[in-house]
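Worksheet: one structure, shown below.
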Amino acid sequence: MGTRLSTDLSDPRLMRLLKAEASERDTTVKEVLCRALEAYFAERLETKALGKLAESAFEEWDDPRDSDYDRL
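Residue numbers (the working numbering): 1 to 72.
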């Protein structure tokens, strides 16, 4: 069972692009949107995960004695 989503894109250009992409790929506008959303959120999750990894890499530099430099 799917979940229905209804929205007004407010930009006819976006609708034309969606329809053109669907036609070019011989698929539906819904499928184009689903793939675009999946790619968007996959990238966001990857970016968040990389940010979390970077935090641990910089922990060794987190020294309270550097607070004067931190304020600069």
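Ideal Cβ positions, reconstructed from N, Cα and C, are used throughout, including at glycine.
Using 8 Å for Cβ pairs, my map puts residue i next to residue j. What's the rounded Cβ distance?
i: A22; j: V29; result: 5 Å
On a Cα-Cα basis, can you pick out the residue from the options that is closest to residue i?
i: R4; options: S67, S56 and L33; result: L33
i: E31; options: P12, L18, L9 and D66; result: L18
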